[in-house]
Every structure is written in structure tokens, then in C-alpha cells.
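**Q**
In the UniProt record's numbering, the protein residues as written are 1 to 261.
#1: In the DSSP assignment, the beta strand (DSSP E) including residue 169 goes from what residue to what residue?
#2: Among the residues of its own chain, which have a CB less than 7 Å from the CB of residue 135, if the five just before and after it don't count?
#3: For residue 102 and residue 96, what's the separation of their Cα atoms in angstroms?
#4: On the three-state DSSP scale, how would you describe residue 98?
#5: If you draw a straight line from the C-alpha of residue 249 to the C-alpha of residue 144, how long is it?
#6: Runs of 3 residues minimum, wholly inside the segment 101–185: which ones carry the beta strand (DSSP E) assignment?
#7: Going by the beta-carbon positions, is the gap between residue 127 and residue 16 smaller than 8 Å?
#8: Please determine, among 191, 137, 123 and 98, the residue with the shortest C-alpha to C-alpha distance to residue 26.
#9: Using three-state DSSP, classify residue 200 as helix, strand or coil.
#10: Does residue 6 come out as helix, strand or coil in the three-state DSSP assignment?
#11: How many Å lie between residue 120 and residue 18 at the Cα?
#12: Tell me the DSSP secondary structure of residue 251 in three-state form.
#13: Does DSSP put residue 205 in a helix, in a strand, or in coil?
#14: By alpha-carbon positions, which one of 13, 237, 93 and 10 ends up nearest to residue 255?
#15: Cutting at 6 Å between CB atoms, please list the residues of its own chain near residue 118, excluding the five before and the five after it.
#16: Please state the DSSP three-state secondary structure of residue 221.
#17: Would you mind working out which of 165, 4, 161 and 244 sits nearest residue 205, comparing C-alpha positions?
The structure is reproduced here in C-alpha cells:
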């Protein structure tokens, strides 16, 4: 499937941000970008004949340029813990579908500037103007220039957030409008399953934190200083912290790269 799948988040400090995206590579990877053994990769067989490798360098900066300067993503100063997924220097994830010889690459942002722009625009629209009634649920939008988007917005529980929840979306971007529309039932079922799993993990963390230190009563005591309360402490936590899942991004990569048998 020629598509880009991405997880997006609305950060209260920095606005809509792309957290994690998976793209399809039909061409061979650059020489030395993970095809040789002995680089610390760990491979295992996945469903549908897909082989996943973690810790593989999938994108290399231009010769003589630093990784930070060659990346089209936002600067470190424009990001917080809540709008960052992989650690600085993390090589991302790679899966190889042996049946089709297609590779699936996951990182926080696409390395190609044009793809970065397309994903960025879809991220902003999915968390701002293109929202279904009730704010949670699937919606379709797009055009021939910037691609067509299947977007599903949802909330994640957070005992430290305003309203005790944070806003996310999972988007699928394709240039083929008809194919995307025809894929709606499959995408809805698969993405809804991912969302249910994320919300279930976050709910367990939320309930444990509320049991240990109820935030509602504490906030009543700071009702007259809401701005200071929002800025104090850990105002934006990472999704791995909200779900208490250190393997979250590897699992998301596997889910985004999965295809029906």
C-alpha cells in the first residue's frame, strides 16, 4: 500500500506535532544502511512474512552535514517531552516484507522535505479544522496536490493535563483517493484497534496515579492560579510515560507496517 501512516499529537505548548510516521520504500536502501549484519540489529519474524529490525540506520544525512541540520523536523528548542517520540540519535525502525520486497521505515518525521511538508499539513488539519462532531472519530479530507487523508482523532488520559486528557490522531495519507476510500473499512478496524490499546494502557496509568495522588482535589486548591499550575511540573509528558510502555514505538511500527495476509 503506497501510503504514509502517522501518529500526531496536539501539544498545548507547541501546537500540532507529528510524533511517529511509517513510510513505504520500494527502492533499495542506500548502501550500508542496515543490510549488513553486526550493527546491533535485532530481527524477528512478524505476521505476513514481514521481518522487523530495530536499531537499523535507515536514513543517512548528506556527506559533511550533521544529522540535526539535515533533518526537516522542528528544532530541539521547539519541542518538549510531549511532542517527541524517538530519542535524539535513534536510528528508527525498519521492516522488510519478503513477499513483496517492500521496506517499511519508521521515524519521527519523513526525511524527504516534500513528504515532511505533506505529513505536517495533514497533521495540522487533522487536529484543527478537519474534526468530526464530538472531536473523536474518523474523517476524510485532502486534495490532489497534498494527498488524501484518512484521519482518526482520539483522547488519551493524563492526570496532569488540562481536562485530564490529551488529544491525538492517527492519519493515513495516499495520493490515490479511490483506493483510500475503498480501504476505509480496513483502516478503520485496524486503527481503532491501535487506539483502543493505547487508551486502555493510558487508562490503567491514569487510574493508578489518581489512586495514589488524586489530582482533582489538588487542583481545587490552585483554582485561582490555573496558568501557573499549567506551567509548573511536567506539563507535557511523553506517550511512553502516559502508557507506561517502553516498547511503544517498536509496537507502533509493527502495527503501522502490518498488512493483511
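The beta-carbon is built from N, C-alpha and C at its ideal position, and this holds for glycine as well.
**A** So, to answer that:
#1: 165–174
#2: 153
#3: 6 Å
#4: coil
#5: 30 Å
#6: 102–107, 137–143, 147–157 and 165–174
#7: yes
#8: 98
#9: helix
#10: strand
#11: 7 Å
#12: helix
#13: helix
#14: 93
#15: 146 and 147
#16: Summary for residue 221: the model assigns pLDDT 48, below 50, so the residue's position carries little reliability; its value from the coordinates is reported in the next sentence. Three-state DSSP puts residue 221 in coil, outside helix and strand.
#17: 244
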